[in-house]
Amino acid sequence: MAHVEEAPQQGASAPPQGKEKKLPARDRFTVITMVTVPLALVVLLVWVPALLSVVLSFGRWNGFGDLDTIEWVGLQNYEDIVTIYPAFWPAIQHNLIWLGFLVVFPTLLGMLLAVVLDREMKGSRVYQTAFYMPVVLSLALIGFIWQLFYSRDQGLINQVFGSEVDWYGDPDVNLWAVLVATAWRHTGYVMLIYLAGLKGVDASLREAAAVDGANEVKTFFHVIFPVMRPINLVVVVIVVIESLRAFDLVWVINKGRNGLEVIGALVAQNVVGEATRYGFGSALAVVMMLISSVFITLYLRTVFREERS
Amino acid sequence: MSRTTSTAIPRSAVATMAATRRSVLRGIGLSGLAVGGASLLAACGGDDGPATGSGATVKFGINEAKGSGPAYDRLAAMAEAYTAETDTEVALNAVDHNTFQESINTYLQGTPDDVFTWFAGFRMAQFAEAGLISDLSDQWPIDGLNDSFKEASTAPDGKQYFVPASYYPWAVFYKKSVFEKNGWTAPETSDDLFALMDDMQGKKITPFAFGDKDGWPAMGTFDILNMRLNGFDFHMSLMAGDEAWDGDEVKLVFQTWKDLLPYHQADPLGRTWQEAATSMGNGESGMYLLGTFVVDAISDVADDLDFFTFPALDSSIGADALDAPIDGFCVASAGKNQDAAKAMVKWLGSAAAADAANAGADAPFISANSNASTSPYTDLQKKSAEVVGAAANIAQFMDRDTNADFANTVMIPSIQAFLKDPDDIDGITASIQEQAASILG
Numbered sequence: 001m002a003h004v005e006e007a008p009q010q011g012a013s014a015p016p017q018g019k020e021k022k023l024p025a026r027d028r029f030t031v032i033t034m035v036t037v038p039l040a041l042v043v044l045l046v047w048v049p050a051l052l053s054v055v056l057s058f059g060r061w062n063g064f065g066d067l068d069t070i071e072w073v074g075l076q077n078y079e080d081i082v083t084i085y086p087a088f089w090p091a092i093q094h095n096l097i098w099l100g101f102l103v104v105f106p107t108l109l110g111m112l113l114a115v116v117l118d119r120e121m122k123g124s125r126v127y128q129t130a131f132y133m134p135v136v137l138s139l140a141l142i143g144f145i146w147q148l149f150y151s152r153d154q155g156l157i158n159q160v161f162g163s164e165v166d167w168y169g170d171p172d173v174n175l176w177a178v179l180v181a182t183a184w185r186h187t188g189y190v191m192l193i194y195l196a197g198l199k200g201v202d203a204s205l206r207e208a209a210a211v212d213g214a215n216e217v218k219t220f221f222h223v224i225f226p227v228m229r230p231i232n233l234v235v236v237v238i239v240v241i242e243s244l245r246a247f248d249l250v251w252v253i254n255k256g257r258n259g260l261e262v263i264g265a266l267v268a269q270n271v272v273g274e275a276t277r278y279g280f281g282s283a284l285a286v287v288m289m290l291i292s293s294v295f296i297t298l299y300l301r302t303v304f305r306e307e308r309s
Numbered sequence: 001m002s003r004t005t006s007t008a009i010p011r012s013a014v015a016t017m018a019a020t021r022r023s024v025l026r027g028i029g030l031s032g033l034a035v036g037g038a039s040l041l042a043a044c045g046g047d048d049g050p051a052t053g054s055g056a057t058v059k060f061g062i063n064e065a066k067g068s069g070p071a072y073d074r075l076a077a078m079a080e081a082y083t084a085e086t087d088t089e090v091a092l093n094a095v096d097h098n099t100f101q102e103s104i105n106t107y108l109q110g111t112p113d114d115v116f117t118w119f120a121g122f123r124m125a126q127f128a129e130a131g132l133i134s135d136l137s138d139q140w141p142i143d144g145l146n147d148s149f150k151e152a153s154t155a156p157d158g159k160q161y162f163v164p165a166s167y168y169p170w171a172v173f174y175k176k177s178v179f180e181k182n183g184w185t186a187p188e189t190s191d192d193l194f195a196l197m198d199d200m201q202g203k204k205i206t207p208f209a210f211g212d213k214d215g216w217p218a219m220g221t222f223d224i225l226n227m228r229l230n231g232f233d234f235h236m237s238l239m240a241g242d243e244a245w246d247g248d249e250v251k252l253v254f255q256t257w258k259d260l261l262p263y264h265q266a267d268p269l270g271r272t273w274q275e276a277a278t279s280m281g282n283g284e285s286g287m288y289l290l291g292t293f294v295v296d297a298i299s300d301v302a303d304d305l306d307f308f309t310f311p312a313l314d315s316s317i318g319a320d321a322l323d324a325p326i327d328g329f330c331v332a333s334a335g336k337n338q339d340a341a342k343a344m345v346k347w348l349g350s351a352a353a354a355d356a357a358n359a360g361a362d363a364p365f366i367s368a369n370s371n372a373s374t375s376p377y378t379d380l381q382k383k384s385a386e387v388v389g390a391a392a393n394i395a396q397f398m399d400r401d402t403n404a405d406f407a408n409t410v411m412i413p414s415i416q417a418f419l420k421d422p423d424d425i426d427g428i429t430a431s432i433q434e435q436a437a438s439i440l441g
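Here it is as structure tokens:
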């Protein structure tokens with residue numbers, strides 16, 4: 001007993017000596033493996049390709065022949081992107097609209113749905129499944145479903161309302177049409193996260209609020225919502241990531257052209273399809289990476305500040 | 001290549017959707033490392049078989065997935081017939097059309113099949129220049145393939161790298177019954193055309209069906225207008241990057257197109273070519289400029305369809321050029337079995353191969369070989385063969401005739417920008433020229 005009591009004392013009063021710091025060989029091996037394997041994977045699969053993208057972005061290469069056929073052009077690609085590439089500035093604008101829209105509508109709607117469904121009402125499970133369903137569907141299918149709604153000549157919306165709106169083709173409306181489709185999908189996602197969050201809220205908090213005479217609305221905004229702060233952070237991060245990587249739906253619809261330009265689709269247009277402008281596409285990807293890192297930095301700063309306080 | 005690049009749900013979508021943004025980025029990095037070679041396409045391993053002749057194996061990469069319809073059936077029938085005739089075993093490697101096309105670079109630089117399906121035109125020439133496909137000039141001439149096909153198989157270095165199998169023309173399609181009922185005839189001059197279009201509008205029929213949601217169909221309109229207004233030679237040298245895109249010639253094309261736009265279906269950018277075809281099929285539109293694959297979308301009225309080539313707009317230039325993309329075969333330089341591959345590719349260009357293909361599928365193709373039997377052809381195909389045979393010059397379609405980077409990342413958005421705002425011709429042509437200068441060097 002005395003020995004056991006002594007050990008922490010020693011640790012607290014003086015820095016541990018080298019002899020005691022050493023873990024048994026097996027543990028050391030475990031720790032080293034657990035650190036190096038994921039590290040190697042991250043470096044190999046994330047950092048090396050990312051750095052190579054940056055390197056490639058200073059070249060012009062169509063993928064024919066060896067790496068020595070890359071023609072180094074300095075900042076030419078970046079210059080072209082901001083000066084003569086007509087799709088770039090609209091793409092930046094669309095990504096920002098996307099972000100703003102996702103932060104406001106699907107998030108609020110998802111939160112509202114979660115609060116309502118959390119009340120154990122009749123058929124709650126059915127509604128949960130229905131709202132979450134779009135998240136599970138494949139994007140090719142989602143593109144097809146909305147094509148049935150939005151088609152100008154044969155689509156449901158125009159047929160029902162006798163209108164002639166070119167939902168996918170008119171660059172002034174197609175972004176909003178796609179945002180509605182995205183929101184349809186994203187709301188269920190946000191709802192699920194908040195549902196999980198609400199289930200985790202201590203029931204005694206609600207009771208205490210009720211005893212103090214707070215009504216439902218007040219309880220939510222003054223007690224529940226602040227308690228869910230970590231969930232809110234997660235949702236914000238997800239929304240930001242989702243809007244920066246906006247790609248799949250516009251790609252299904254028209255490959256990100258004509259009013260649906262987003263950075264992710266521009267990268268794909270230049271390197272994935274028949275076009276092989278690896279340097280130019282990489283430069284676009286680097287721009288995207290830079291924008292993402294701004295948000296990542298902001299997020300990490302908030303998280304760390306929180307941990308410190 | 002145009003055809004399958006676009007249905008309401010592109011086939012590519014399924015494949016592409018698997019690629020999230022991150023995997024796309026990773027893909028870029030990987031191609032940088034040049035380890036992307038091990039792609040789907042190179043699924044077949046690289047074991048060495050006997051050299052050539054009986055008992056040898058030729059690997060045959062085709063751009064139609066198994067069960068994708070007549071196109072696959074024809075290629076499979078060809079492979080089977082070749083085995084039956086020469087005893088050479090053919091190992092089929094069937095890949096989805098879009099996947100094949102989009103991975104072609106890594107495919108050819110990795111471990112490609114010996115013989116593979118490809119297209120005539122700039123991209124064939126580009127592969128030839130990069131040394132990715134084998135010189136086939138020792139296999140030419142091929143009995144039954146005339147000089148214009150030989151020319152289409154020739155790269156700028158004067159050697160042949162391609163063996164044509166089939167083609168399809170782009171023309172103006174219409175319904176015979178509608179034309180008969182209204183007493184219309186196929187226009188032969190620019191005046192005829194405008195008179196016809198005015199009459200159609202008077203009868204509340206949209207003269208031209210038009211859809212460009214997928215970006216490539218409108219290239220066909222640009223091609224034909226450019227060939228009619230500036231001539232075939234200018235068109236080809238523009239495609240090769242030797243003419244200015246902001247010159248008066250190109251501006252004239254856009255100007256003429258702008259004058260024709262009121263005769264086209266409105267809002268083309270949200271409409272697929274299938275939807276546009278449907279509007280002609282049900283009589284809302286009178287005509288549709290498209291490839292013969294238009295039949296696929298309105299097969300219920302296929303027997304009622306007929307076509308004419310786009311009339312002359314400038315009598316000094318005439319109307320003897322058209323787009324008629326040619327499909328065929330190349331031999332990959334990295335293929336293991338060069339001799340056997342060359343022997344097979346030569347046979348694939350023969351009339352026997354074409355007949356085997358057409359006997360093995362529900363829908364025939366139009367053979368490039370003039371000795372092939374025309375008895376399986378539909379009336380439309382018989383007429384297509386006549387029209388193309390009579391044409392003095394054949395182009396391959398913009399996205400096959402010019403640099404793929406330029407066609408896909410510049411021309412598609414620029415033509416769409418023009419259709420959105422037809423008044424800004426100067427701005428659009430200037431922008432095309434700037435980007436052309438940057439991409440084409």
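Protein chains in written order, with the UniProt record's numbering: chain L, 1 to 309; chain E, 1 to 441.
Ideal Cβ placement from N, Cα and C applies to all residues, glycine included.
Considering just the uninterrupted stretch of the alpha helix (DSSP H) at residue i, what are its terminal residues?
i, result
"G427/E", "I425 to I439"
"V35/L", "A25 to V42"
"T278/E", "W273 to G281"
"A340/E", "Q338 to L348"
"L175/L", "N174 to K199"
"F310/E", "No alpha helix (DSSP H) contains F310/E, which DSSP labels as neither H nor E."
"V253/E", "D248 to L260"
"A285/L", "Y278 to R308"
To the nearest angstrom, how far is the alpha carbon of residue i from that of residue j?
i, j, result
"S23/E", "A155/E", "The predicted position of S23/E is uncertain, since its pLDDT is 39 and thus under 50; a value taken from the coordinates is nonetheless stated next. Each residue's Cα considered, the two are about 36 Å apart."
"R308/L", "D267/E", "57 Å"
"L30/E", "A276/E", "Any reading at L30/E must be qualified, since the residue scores a pLDDT of 36, below 50, and its modelled position is unreliable; the value itself is stated next. Whole-angstrom Cα-Cα distance: 40 Å."
"G202/E", "G360/E", "47 Å"
"E249/E", "N230/E", "7 Å"
"E80/E", "N105/E", "28 Å"
"D233/E", "I394/E", "11 Å"
"A332/E", "F397/E", "24 Å"
"N232/L", "G200/L", "13 Å"
"I425/E", "F418/E", "7 Å"
"K159/E", "T117/E", "19 Å"
"L132/E", "F293/E", "30 Å"
Strictly below 7 Å CB to CB, what residues from chain L border residue i?
i, result
"G270/E", "R152, D166, W167, Y168, G169 and D170"
"Q201/E", "Ordered by position in chain L, no residue passes the 7 Å Cβ test against Q201/E, which lies about 18 Å from the chain."
"E102/E", "V272, G273 and E274"
"D267/E", "R152, D166, G169 and D170"
"D135/E", "Residues of chain L passing the Cβ test: none, with the nearest at roughly 17 Å."
Who are the neighbours of residue i on chain E, taking C-beta pairs under 8 Å?
i, result
"A87/L", "P413"
"R185/L", "Correct list: empty, because the minimum Cβ distance to chain E is about 13 Å."
"R257/L", "G215, I412, P413 and Q416"
"N158/L", "Going along chain E, no residue has its Cβ under 8 Å from N158/L, so there is no contact; the nearest lies around 10 Å."
"I238/L", "Chain E residues near I238/L: none, gap ~14 Å exceeds 8 Å."
"N95/L", "Chain E residues near N95/L: none, gap ~12 Å exceeds 8 Å."
For residue i, go through chain L and note every residue whose CB falls closer than 8 Å to its CB, in chain order.
i, result
"N408/E", "Q269, G273, E274 and A275"
Could you please give the first and the last residue of the uninterrupted beta strand (DSSP E) stretch that includes residue i?
i, result
"M287/E", "S285 to G291"
"S166/E", "V163 to Y167"
"K175/E", "W170 to K175"
"W118/E", "V115 to F119"
"N393/E", "N393 to A395"
"A332/E", "It is not in any beta strand (DSSP E) - A332/E carries neither H nor E in the DSSP assignment."
Mind pulling the chain L residues with CB within less than 9 Å of residue i?
i, result
"N105/E", "N62, G63, F64 and T276"
"K204/E", "Those do not exist, as K204/E stays about 15 Å from chain L at its closest Cβ, beyond 9 Å."
"S279/E", "D153"
"E275/E", "S151, R152, D153 and Q154"
(message) Can you pull out the residues from the stretch 290-303 of chain E whose beta carbon lies closer than 8 Å to at least one beta carbon of chain L?
(response) none
(message) For the stretch 424-438 of chain E, list every residue whose C-beta sits within 7 Å of some C-beta in chain L, in sequence order.
(response) S431, E434, Q435 and S438
(message) Three Cβ pairs or more, each shorter than 8 Å: is that satisfied between the stretch 338-348 of chain E and the stretch 363-375 of chain E?
(response) no
(request) Could you run through the stretch 71-83 of chain L and flag, in chain order, every residue whose CB is less than 7 Å away from some CB of chain E? (result) D80
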